[in-house]
Amino acid sequence: MNAANRETQLWYWLLYKEGLATSRAKSLLETWRTQGITLEAALAALPESALAAGFSDAEIAALRPPESLESVAAIRWNEPLYPSRLLQLEAKLRPALLFYRGDPRLLARPLLVVPPAPLDEAAAALLQEALSQLLGEGMLPAATRGAAQATLLLSELADSEGEALLFARQGLETLELSPQEQHFLAEGRLLLVSPLTPGATANAKWDASLLQVELGAAELLLWVSTAPPIASLPAARTLWLTPTPPPATPLLGLHVTDEPGEVLLWLSQSGGEPPAPPAEAPLTAPPLPPLPPAEALRILERGGAIPEVLRRRLLGK
Numbered sequence: 356m357n358a359a360n361r362e363t364q365l366w367y368w369l370l371y372k373e374g375l376a377t378s379r380a381k382s383l384l385e386t387w388r389t390q391g392i393t394l395e396a397a398l399a400a401l402p403e404s405a406l407a408a409g410f411s412d413a414e415i416a417a418l419r420p421p422e423s424l425e426s427v428a429a430i431r432w433n434e435p436l437y438p439s440r441l442l443q444l445e446a447k448l449r450p451a452l453l454f455y456r457g458d459p460r461l462l463a464r465p466l467l468v469v470p471p472a473p474l475d476e477a478a479a480a481l482l483q484e485a486l487s488q489l490l491g492e493g494m495l496p497a498a499t500r501g502a503a504q505a506t507l508l509l510s511e512l513a514d515s516e517g518e519a520l521l522f523a524r525q526g527l528e529t530l531e532l533s534p535q536e537q538h539f540l541a542e543g544r545l546l547l548v549s550p551l552t553p554g555a556t557a558n559a560k561w562d563a564s565l566l567q568v569e570l571g572a573a574e575l576l577l578w579v580s581t582a583p584p585i586a587s588l589p590a591a592r593t594l595w596l597t598p599t600p601p602p603a604t605p606l607l608g609l610h611v612t613d614e615p616g617e618v619l620l621w622l623s624q625s626g627g628e629p630p631a632p633p634a635e636a637p638l639t640a641p642p643l644p645p646l647p648p649a650e651a652l653r654i655l656e657r658g659g660a661i662p663e664v665l666r667r668r669l670l671g672k
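Here the sequence shown stands for residues 356 to 672, numbered as in the working numbering.
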């Protein structure tokens, strides 16, 4: 076993198996992260370092990992593939471990999250067209598994060579994968992620918190609906694609369009390279150097008499 895998297993044990409150475990992990100490090194330093860390006697006795640790596929919040935007979430919401099925290297790409939203036929058509253009581009489209947006994303994935991500609101071991999902996972084109432990069952009371994690992981957000965006969306990083644009933008800084083709342009302006100028755009000549005063005066005199005041100003008198 390599050191990275063992460190992840130790995190899983500390967070979910050791008996500490999750908030306490997160606090310890964050403290050691800022000190540049791995969990394995911190545990090895006990009990000598217990006083500095503020451990109780009961915690010291409990902080002894078993020889055999449970294997787990997860990304720690101090690893490069962990979505950097998630680090801005408050500690209570921020997952210390992000569990996954599929190729985690897809997380090296910034996430374009399409949140769950009411979809009528017109909005669904816009989303379908936008996704067909987005798949295979620089960002990784992501949606909530089970939502209509995820269904459309998988449908478009079948007609492309791109990749996508689905957020699961239950433990990944409890999922009943569709043949389509199994196929894309086998191809390495689909990544399933969840902040919940592998055996956790779905529970609607967690949905609000899980939504905040999904939104928090996004580099950019694409809200597609006739309904206005929810207030928790960061307006500066959100595009509202709607068949019926409102006469006034509901949220300050929010981008609104009814053209799916504008999504790529918005992405390039928001988080990528600036768009190339149109092929038919006229070339702009470089500016000419300013004329010497005497030459400017000579040209003006061709048009008639020059007022004495202007003549003196040109000649600097």
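Where is the CB? At the ideal position from N, CA and C, for every residue including glycine. Note that the coordinates shown come from a computational prediction; the quantities given were computed from them, not determined experimentally.
Express the C-alpha separation of residue j and residue i in angstroms, rounding to a whole number.
{"i": "Leu-547", "j": "Phe-522", "result": "6 Å"}
{"i": "Arg-464", "j": "Thr-599", "result": "31 Å"}
{"i": "Ala-400", "j": "Thr-552", "result": "28 Å"}
{"i": "Val-427", "j": "Ser-439", "result": "21 Å"}
{"i": "Ser-580", "j": "Leu-453", "result": "29 Å"}
{"i": "Ile-430", "j": "Arg-449", "result": "13 Å"}
{"i": "His-610", "j": "Pro-589", "result": "11 Å"}
{"i": "Ala-358", "j": "Gln-364", "result": "10 Å"}
{"i": "Leu-507", "j": "Leu-482", "result": "8 Å"}
{"i": "Glu-362", "j": "Ala-480", "result": "45 Å"}
{"i": "Leu-442", "j": "Trp-432", "result": "7 Å"}
{"i": "Ala-557", "j": "Leu-527", "result": "10 Å"}
{"i": "Ala-451", "j": "Leu-474", "result": "33 Å"}
{"i": "Lys-381", "j": "Glu-476", "result": "44 Å"}
Report back the beta-carbon spacing between residue i and residue j to the nearest angstrom; my notes put them in contact at under 8 Å.
{"i": "Leu-594", "j": "Leu-570", "result": "Contact doesn't hold; Cβ gap of about 14 Å is too wide."}
{"i": "Leu-370", "j": "Leu-398", "result": "About 14 Å separates the two Cβ atoms, so there is no contact after all."}
{"i": "Glu-414", "j": "Leu-375", "result": "7 Å"}
{"i": "Val-468", "j": "Ala-497", "result": "5 Å"}
{"i": "Leu-462", "j": "Leu-436", "result": "4 Å"}
{"i": "Ala-478", "j": "Thr-597", "result": "7 Å"}
{"i": "Gly-491", "j": "Glu-516", "result": "6 Å"}
When we look at the beta-carbon of residue i and count the other beta-carbons within 10 Å, is it buried (16 or more) or exposed?
{"i": "Ser-564", "result": "exposed"}
{"i": "Pro-602", "result": "exposed"}
{"i": "Thr-377", "result": "exposed"}
{"i": "Gly-457", "result": "buried"}
{"i": "Gln-624", "result": "exposed"}
{"i": "Ser-549", "result": "buried"}
{"i": "Arg-544", "result": "buried"}
{"i": "Lys-560", "result": "exposed"}
{"i": "Arg-680", "result": "Look at the range of the chain in this structure, 356 to 672, and you will see that residue 680 is not part of it."}
{"i": "Glu-536", "result": "buried"}
{"i": "Ala-591", "result": "exposed"}
{"i": "Pro-534", "result": "exposed"}
{"i": "Pro-675", "result": "Examination of residue 675 is not possible in this model, given that the chain is present from 356 through 672 alone."}
{"i": "Ala-472", "result": "buried"}
Give me the residue from the options with the minimum Cα distance to residue i.
{"i": "Glu-574", "options": "Glu-617, Met-494 and Pro-584", "result": "Met-494"}
{"i": "Glu-434", "options": "Arg-592, Trp-366 and Glu-476", "result": "Trp-366"}
{"i": "Ser-510", "options": "Leu-527, Tyr-455, Leu-530 and Glu-484", "result": "Glu-484"}
{"i": "Ala-446", "options": "Pro-496, Leu-467 and Thr-386", "result": "Thr-386"}
{"i": "Ala-502", "options": "Asp-514, Leu-489, Leu-394 and Arg-524", "result": "Arg-524"}
{"i": "Ser-423", "options": "Lys-372, Phe-539 and Ala-582", "result": "Lys-372"}
{"i": "Leu-622", "options": "His-538, Pro-421, Gln-488 and Ala-555", "result": "Gln-488"}
{"i": "Gly-616", "options": "Glu-425, Leu-486 and Tyr-455", "result": "Leu-486"}
Would you please verify whether the beta carbon of residue i is less than 8 Å from any beta carbon of chain E?
{"i": "Val-427", "result": "No chain E is part of this structure, which consists of one protein chain only."}
Unbroken stretches of the alpha helix (DSSP H), 4 residues or longer, contained in the region 534-574: 534-542 and 562-571
Any alpha helix (DSSP H) of 4 or more consecutive residues that is wholly inside the region 451-500: 476-489
Start-end ranges of the beta strand (DSSP E) lying completely within the region 370-445, minimum 3 residues: 429-431
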